[in-house]
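Notes for the one structure printed next.
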Amino acid sequence: MEPGLISQQTRPRFARKYGRSYQSFGQLSSASLGSRHMGKVRVDCRFRLSESQWGTINNSSPAGILYVDLNFDQPQDCRLKSAAVLVMLEKEEPLDSDAKPQSLNHNTLQLTDYYGPKHLNGEPTVLPTKRVYQFMPEANAMGCSGGGVGIQNEQTTNEVRRWAFTGQLMPGKSASSAVVYRTLKWELTENELDSQSFHSNVIRTGFAFEHDREVFRIRVEINGKLQKRTHQLKEAWKGKARNFRFPPEAKQDQGSAVTLVDVRQTKQFKHQLDSLAIGLPDEMIKRNQLDVPVEVPNSMPSLF
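The numbers in numbering that gives the first Met the number 0 rise by one with no breaks, and the one at position 146 of the sequence shown is 145.
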């Protein structure tokens with residue numbers, strides 16, 4: 000049998016859930032794990048299947064490395080205030096409530112500390128603010144009043160802000176996984192002092208995890224706030240921004256998607272992923288540095 004056919008048979012199977020059914024997409028080079036629309040803003044999680052790695056880490060524990068691009072598509076007139084993307088690994092819960100709890104070992108489904116980028120910061124924006132304080136002493140005696148020489152104090156401060164992107168591990172939500180880190184939270188906070196976003200719309204992420212060669216789910220949840228400035232709001236609120244939260248509370252299921260992952264065929268993989276996993280945080284920083292927007296000069300008029 001050809002090596003290509005072997006790799007296809009042992010490659011994990013992926014299927015996105017739609018309603019009660021699943022749609023397989025394991026042969027695609029990339030696929031969406033979930034997306035969310037709010038007005039003109041769209042947040043999408045692009046899973047790069049062709050770059051995923053499968054093998055072992057940490058004393059031959061079955062593991063995988065996944066790469067996900069977070070796309071924050073936001074026009075200038077409708078921008079994000081902040082957005083959070085939660086990537087959660089979930090196991091099938093036993094139907095029998097009297098079943099004994101499963102023991103946790105090194106082959107348990109769990110996220111590792113090998114993920115990135117863990118922190119990205121933009122350049123600071125400084126807004127000088129000037130405040131003037133006045134004090135005018137006044138004396139009253141026998142119905143007469145008089146004022147002295149006033150004191151005026153002027154104070155100048157700088158308000159400094161910048162956009163930031165962070166990643167952090169969180170334990171599972173269910174009682175059976177409360178001690179295991181199965182949630183990775185990515186959070187983007189925009190710089191409200193900037194009139195537009197100066198970072199790339201795409202932030203590249205990657206993470207390594209261990210598994211027990213059993214079927215599991217990847218759940219993606221997207222939520223956040225929009226900052227929308229209009230002429231009417233500026234006039235009414237003197238430039239203050241109004242925040243809109245999404246998904247709306249009436250539609251909390253929106254912005255949530257589930258992907259089924261079948262790794263039972265990956266038992267033939269023996270590739271050691273330790274060195275790749277350890278370098279993942281720095282590697283993802285480098286990938287995002289390469290995606291910095293390039294400034295293109297205006298074209299010069301032709302002279303004849």
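The beta carbon of each residue, even a glycine, is placed where N, CA and C say it ideally should be.
Per DSSP, reduced to three states, the secondary structure at N287 is helical. Residue environment: I221 is assigned as buried (16 or more neighbouring CB atoms within 10 Å of its CB, all protein chains considered). Look at the beta carbons and you see the stretch 59-78 touching the stretch 197-214: at least three pairs across the two are nearer than 8 Å.
As for any beta strand (DSSP E) of minimum length 3 sitting wholly inside the stretch 16-47, the runs are 20-23, 30-37 and 40-46, ordered along the chain. Annotation for L108: no beta strand (DSSP E) segment contains it, and DSSP assigns it neither H nor E. In the three-state reduction of the DSSP assignment, E50 falls in the helix class, which pools H, G and I. Sixteen is the threshold: since fewer than 16 other Cβ atoms of the shown chains lie within 10 Å of the Cβ of K285, the residue is exposed.
K269 counts as exposed, since fewer than 16 other beta carbons sit within 10 angstroms of its beta carbon. The continuous alpha helix (DSSP H) containing L275 extends over residues D273 to I277.
Within the model, the alpha-carbon separation for L27 versus Q154 is close to 60 Å. For the pair W162 and Q226, the Cα-to-Cα distance works out to about 14 Å. For G121 and V257, the gap between their C-alpha atoms comes out near 32 Å. Here R216 carries a strand assignment [DSSP, helix/strand/coil]. Bridge partners of T258 according to DSSP: R15 and I217. Inclusion of L168 and L85 in the CB contact set at 9 Å is not warranted, their separation being larger than that value. Assignment of beta-bridge partners to R160 by DSSP yields T124. When the five nearest sequence neighbours on each side are left out, the beta carbons in the same chain lying within less than 7 Å of the beta carbon of L275 are those of Q52 and I64, in order along the chain. In this structure, the CA atom of V178 is about 50 Å from the CA atom of R130. For the pair M87 and R218, the CB atoms are nearer than the 9 Å cut-off. Counting of Cβ neighbours within 10 angstroms places P61 among the buried residues, the total reaching 16 or more.
CA-CA distance, H198 to N58, rounds to 39 Å. Comparing alpha-carbon positions, the option among D193, F164 and Y17 lying closest to L69 turns out to be F164. In the DSSP assignment, E91 falls outside any beta strand (DSSP E), carrying neither H nor E.
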